[in-house]
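This report refers to the structure that appears directly beneath it.
2 protein chains.
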Amino acid sequence: MNKMRLFTPGPTSVPEEVLLEMAKPVFHHRTQQYKDLFAKVNELLKYTYQTKNPVLTISGSGTAGAEMAMINVIPQGDKGNVLFLSNGKFAERWVKIGERNKWNSTVLKAEYGTAVPPEQVAEALKQKHYDAVVLVHSETSACTVTDLQAIAALTRDTDTILISDGITAVGALPVKTDEWGVDMVITGSQKAMMLPPGLAFISVSEKAQKKAAVVKQPNLYLDLNSYLKSYNANDVPWTPAVTLVRGLFVALTMVQQEGIEHVWKRTSICAAATRAAANALGLGVFSKSPSDSVTGINYPAGFTDKEFRTALRKQLNMNVAAGQGTMEGKIFRVSHMGYMDQVDTLGVIHGLEIILRQQGYKFEFGAGVAAAHKELAKLQEA
Amino acid sequence: MNKMRLFTPGPTSVPEEVLLEMAKPVFHHRTQQYKDLFAKVNELLKYTYQTKNPVLTISGSGTAGAEMAMINVIPQGDKGNVLFLSNGKFAERWVKIGERNKWNSTVLKAEYGTAVPPEQVAEALKQKHYDAVVLVHSETSACTVTDLQAIAALTRDTDTILISDGITAVGALPVKTDEWGVDMVITGSQKAMMLPPGLAFISVSEKAQKKAAVVKQPNLYLDLNSYLKSYNANDVPWTPAVTLVRGLFVALTMVQQEGIEHVWKRTSICAAATRAAANALGLGVFSKSPSDSVTGINYPAGFTDKEFRTALRKQLNMNVAAGQGTMEGKIFRVSHMGYMDQVDTLGVIHGLEIILRQQGYKFEFGAGVAAAHKELAKLQEA
Numbered sequence: 008m009n010k011m012r013l014f015t016p017g018p019t020s021v022p023e024e025v026l027l028e029m030a031k032p033v034f035h036h037r038t039q040q041y042k043d044l045f046a047k048v049n050e051l052l053k054y055t056y057q058t059k060n061p062v063l064t065i066s067g068s069g070t071a072g073a074e075m076a077m078i079n080v081i082p083q084g085d086k087g088n089v090l091f092l093s094n095g096k097f098a099e100r101w102v103k104i105g106e107r108n109k110w111n112s113t114v115l116k117a118e119y120g121t122a123v124p125p126e127q128v129a130e131a132l133k134q135k136h137y138d139a140v141v142l143v144h145s146e147t148s149a150c151t152v153t154d155l156q157a158i159a160a161l162t163r164d165t166d167t168i169l170i171s172d173g174i175t176a177v178g179a180l181p182v183k184t185d186e187w188g189v190d191m192v193i194t195g196s197q198k199a200m201m202l203p204p205g206l207a208f209i210s211v212s213e214k215a216q217k218k219a220a221v222v223k224q225p226n227l228y229l230d231l232n233s234y235l236k237s238y239n240a241n242d243v244p245w246t247p248a249v250t251l252v253r254g255l256f257v258a259l260t261m262v263q264q265e266g267i268e269h270v271w272k273r274t275s276i277c278a279a280a281t282r283a284a285a286n287a288l289g290l291g292v293f294s295k296s297p298s299d300s301v302t303g304i305n306y307p308a309g310f311t312d313k314e315f316r317t318a319l320r321k322q323l324n325m326n327v328a329a330g331q332g333t334m335e336g337k338i339f340r341v342s343h344m345g346y347m348d349q350v351d352t353l354g355v356i357h358g359l360e361i362i363l364r365q366q367g368y369k370f371e372f373g374a375g376v377a378a379a380h381k382e383l384a385k386l387q388e389a
Numbered sequence: 008m009n010k011m012r013l014f015t016p017g018p019t020s021v022p023e024e025v026l027l028e029m030a031k032p033v034f035h036h037r038t039q040q041y042k043d044l045f046a047k048v049n050e051l052l053k054y055t056y057q058t059k060n061p062v063l064t065i066s067g068s069g070t071a072g073a074e075m076a077m078i079n080v081i082p083q084g085d086k087g088n089v090l091f092l093s094n095g096k097f098a099e100r101w102v103k104i105g106e107r108n109k110w111n112s113t114v115l116k117a118e119y120g121t122a123v124p125p126e127q128v129a130e131a132l133k134q135k136h137y138d139a140v141v142l143v144h145s146e147t148s149a150c151t152v153t154d155l156q157a158i159a160a161l162t163r164d165t166d167t168i169l170i171s172d173g174i175t176a177v178g179a180l181p182v183k184t185d186e187w188g189v190d191m192v193i194t195g196s197q198k199a200m201m202l203p204p205g206l207a208f209i210s211v212s213e214k215a216q217k218k219a220a221v222v223k224q225p226n227l228y229l230d231l232n233s234y235l236k237s238y239n240a241n242d243v244p245w246t247p248a249v250t251l252v253r254g255l256f257v258a259l260t261m262v263q264q265e266g267i268e269h270v271w272k273r274t275s276i277c278a279a280a281t282r283a284a285a286n287a288l289g290l291g292v293f294s295k296s297p298s299d300s301v302t303g304i305n306y307p308a309g310f311t312d313k314e315f316r317t318a319l320r321k322q323l324n325m326n327v328a329a330g331q332g333t334m335e336g337k338i339f340r341v342s343h344m345g346y347m348d349q350v351d352t353l354g355v356i357h358g359l360e361i362i363l364r365q366q367g368y369k370f371e372f373g374a375g376v377a378a379a380h381k382e383l384a385k386l387q388e389a
């Protein structure tokens with residue numbers, strides 16, 4: 008008997024309280040009961056996002072959320088000027104949305120495992136006027152964090168809309184939406200929000216609301232103005248995924264009870280412990296700008312990704328993720344987001360050591376667990 | 008103690024077996040486990056739709072499904088020629104999608120409570136070439152059915168794509184997708200599919216697949232070609248709402264075990280019983296072409312919708328729906344879709360009689376229940 012443990016960077020484990028809430032009988036969404044629930048959820052979303060602005064809830068994946076944010080504030084076709092920061096698979100997907108919409112896109116590229124420096128963004132913003140800057144706060148594919156706060160400082164007093172893909176950031180890394188001045192922050196339900204997949208969220212600053220009011224775009228389902236109009240009446244334009252919204256209320260109440268600063272700290276200490284273990288085992292961490300939501304660990308020479316992850320899953324019921332794109336086979340990824348505590352983190356290091364040794368890697372058995380144990384203890388000391 | 012009963016035409020009641028399946032721990036969707044589940048679900052969807060073609064699953068509402076169907080097979084802007092059949096609120100929403108996309112739209116209108124006759128569609132198709140015909144098979148707002156089979160006979164041997172909003176039709180009314188030759192049939196999870204809201208489905212004929220391969224449209228999330236490509240590998244392009252897909256497997260297994268023909272028959276007899284009761288009570292049925300998925304019943308003169316429905320809910324825990332648009336206050340609506348049996352149907356007639364009498368309507372108490380009882384018994388006789 009080994010309990011199933013998800014260390015994948017989405018989906019993540021869902022608390023039993025949330026699963027059971029979602030198993031309750033369905034009620035109708037065009038009722039006061041739903042409006043009351045939605046009003047409470049919306050306050051909790053504002054807290055989680057650290058914003059006073061609306062945070063919209065969309066039935067769909069994070070991709071739906073990112074596309075909705077972009078198409079509603081960027082003028083159509085070659086009238087839209089967009090600066091994309093690209094350092095991984097998800098950023099590349101957003102660039103593709105730019106291509107499909109025929110926007111005038113400029114792409115600042117950084118190697119996987121590095122972030123575009125804020126200075127480079129500042130320089131680009133001097134060269135040309137952009138309707139929007141699109142970046143990925145925590146690039147899940149490359150386990151890399153970009154300095155959102157520094158980039159927000161460049162756009163906040165301009166009419167450029169800053170769109171942050173916060174899909175593996177919100178509820179994991181510090182995201183101070185209003186204090187930093189980020190216009191639109193997107194996230195998805197199956198990451199640090201402790202829910203199954205099916206919902207996306209977007210915060211919308213006043214600046215972004217004004218821009219959306221004048222930009223014309225054809226899509227109805229992802230029409231931001233319809234969502235905003237309904238939002239002000241604690242309502243939604245299209246039928247919402249009611250069970251997930253109920254679960255969201257329970258999950259975000261847990262976030263509120265723990266306190267968002269402690270959630271950030273817990274995630275950060277679990278990440279630090281995993282990095283300390285990776286270093287103690289002589290493997291090292293992939294990224295030069297590691298995100299605290301997911302850690303990329305280098306494989307020892309000669310290891311086969313599929314064999315390693317299969318053994319970990321079959322023997323210990325632990326799920327870690329493969330590398331993506333150019334990093335496939337070179338790294339594996341361990342998530343620290345959401346419903347994840349110090350014991351889970353210690354546990355995955357224990358499991359990794361067992362399979363590493365079994366598959367022939369030479370190292371001091373226990374060095375990883377000792378390093379993680381030492382880091383994790385800091386959570387109680389603080 | 009009165010159990011909560013949903014007679015609203017979406018959301019409908021979700022079987023306990025489905026709710027509990029969805030409460031199981033979440034697993035990762037990029038796994039063989041998910042592919043195996045999805046392969047089984049896809050076979051069950053084909054059975055429910057009576058098609059050999061792919062039925063795509065989208066995380067989103069029915070509106071997302073309808074928009075996805077249209078934008079992927081209708082050429083952009085004034086190159087797209089569309090014939091809309093409009094006889095209710097949902098048809099009007101699809102016409103709005105036409106306006107947003109600047110298509111050359113022709114709208115054949117019928118009064119709420121009536122359907123556009125196939126002869127009128129035949130005439131329109133003679134006058135002009137259309138890329139697509141868009142109709143609502145069961146118009147939920149007006150409780151009205153359109154003759155899908157007869158209209159499909161007009162388009163099946165042409166290059167015009169027939170798009171049927173089957174949101175309150177699939178799994179309720181007979182829908183013989185392939186036999187009738189309907190190119191795209193859309194439905195949503197929270198109607199006859201016995202699930203909470205959050206998923207939409209679209210069947211795609213070979214003709215529609217060929218059209219989608221040449222039509223260019225900017226939306227990425229709703230890109231039909233990406234879904235088709237993934238579908239052929241039992242996969243999805245974007246993160247799916249895994250819990251709902253698991254529930255879907257259980258719900259559609261129930262449909263398969265009952266047999267789709269019996270599901271249609273059960274729904275049809277529950278509808279016939281409700282109409283018989285409405286007539287026996289002297290109220291009458293709103294539509295001249297009543298849909299078997301939802302019945303619109305006329306209010307007695309002087310009745311207030313809110314007062315009536317509130318009393319029914321507070322005293323008997325039964326939820327029926329208000330009229331929409333021009334029918335608000337004039338009718339209420341009773342659903343027969345999905346997880347609904349003869350006892351539920353008899354029960355709502357019992358409840359309606361109690362509140363009708365209480366609020367001063369004069370009629371022979373018991374006439375509705377007697378009429379419904381007689382009709383419902385036919386389900387056992389056949």
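For the record, the sequence lines run as chains A and B. Mapping of the first sequence onto my numbering: residues 8 to 389, in sequence order. Mapping of the second sequence onto my numbering: residues 8 to 389, in sequence order. Each residue gets a CB set at the ideal place from its N, CA and C atoms; glycine is no exception. None of these values were measured; they are calculated from a predicted model.
Within its own chain, the residues whose Cβ lies closer than 7 Å to the Cβ of Arg-320/B, once the five positions on either side in sequence are excluded, are Asn-326, listed in chain order. When the five nearest sequence neighbours on each side are left out, the beta carbons in the same chain lying within less than 8 Å of the beta carbon of Glu-335/B are those of Asp-312, Ala-329, in order along the chain. Between Ala-71/B and Tyr-119/A, the C-beta gap is not smaller than 8 Å, which leaves the two residues out of contact. Under the three-state reduction of DSSP, Phe-256/A is assigned to helix. The straight-line gap separating the alpha-carbon atoms of Arg-364/B and Phe-315/B is approximately 11 Å.
The Cβ of Gln-197/A sits closer than 8 Å to at least one Cβ of chain B. Counting only Cβ-Cβ distances below 8 Å, Ala-76/B has no contacts in chain A at all, with the closest Cβ about 12 Å away. Between Leu-323/B and Ile-356/B, the C-beta gap is not smaller than 8 Å, which leaves the two residues out of contact.
When only Cα atoms are considered, Phe-45/A and Ser-298/A end up about 31 Å apart. Between the alpha carbons of Thr-147/A and Asn-305/A lies a distance of about 15 Å. Looking at the backbone, the Cα of Gly-195/B and that of Thr-151/B are separated by about 18 Å.
In the three-state DSSP reduction, Thr-64/A falls in the strand class (E or B). No Cβ of chain A is located within less than 8 Å of the beta carbon of Ser-93/B.
Cβ neighbours of Ser-68/A within its own chain (closer than 7 Å, five residues either side excluded): Gly-195, Pro-204, Ala-207. With respect to chain A, the C-beta atom of Ser-342/B has no partner C-beta closer than 8 Å. Beyond the five residues adjoining it in sequence on each side, Arg-100/A comes within less than 6 Å, by CB distance, of no other residue in the same chain. Legend: CB atoms of the stretch 334-365 of chain B lying less than 8 Å from CB atoms of chain A are not found in any residue. The C-beta of Tyr-119/B comes no closer than 8 Å to any C-beta of chain A.
Within the stretch 267-296 of chain A, not one residue has a Cβ closer than 9 Å to any Cβ of chain B. Taking 8 Å as the upper bound for CB-CB distance, Val-222/A and Ile-81/A are in contact here, some 7 Å apart. Ile-267/B and Thr-55/B do touch by the CB rule: their CB atoms are close to 6 Å apart, below 8 Å.
Non-local C-beta neighbours of Val-270/B in its own chain, meaning closer than 7 Å and more than five positions away in sequence, comprise Gly-178, Val-262, ordered along the chain. A Cβ of chain B is located within less than 8 Å of the beta carbon of Ser-68/A. In the structure shown, Ser-300/B falls within a coil segment according to DSSP collapsed to helix, strand and coil.
Only Gly-195, Gln-197, Pro-203, Pro-204, Gly-205 from the stretch 179-211 of chain B bring a Cβ to less than 8 Å from some Cβ of chain A. Rounded to the nearest whole angstrom, the C-alpha separation of Ala-280/A and Lys-183/A is 24 Å. For Arg-340/B, the enclosing beta strand (DSSP E) has its first and last residue at 338-342. Take the alpha-carbon of Lys-369/A and the one of Gln-331/A: they are about 26 Å apart. With a threshold of 8 Å between beta carbons, Asn-108/A makes contact with chain B. DSSP, reduced to helix, strand and coil, places Ile-174/A outside both helices and strands of the structure shown, so it counts as coil. Ranked by how close their Cα comes to the Cα of Thr-38/B, the residues Leu-353/B, Pro-247/B, Leu-63/B, Gln-264/B have Pro-247/B in first place. For a cut-off of 8 Å, the C-beta gap from Thr-64/A to Val-252/A is around 7 Å, short enough to register as a contact.
Asn-239/A counts as exposed, since fewer than 16 other C-beta atoms from the protein chains shown sit within 10 angstroms of its C-beta.
Between the alpha carbons of Gln-127/B and Met-11/B lies a distance of about 43 Å. Under the Cβ distance rule, Ala-71/B counts among the residues neighbouring chain A, one pair being separated by less than 8 Å.
A straight line joining the alpha-carbon of Val-341/A with that of Val-211/B spans about 38 Å.
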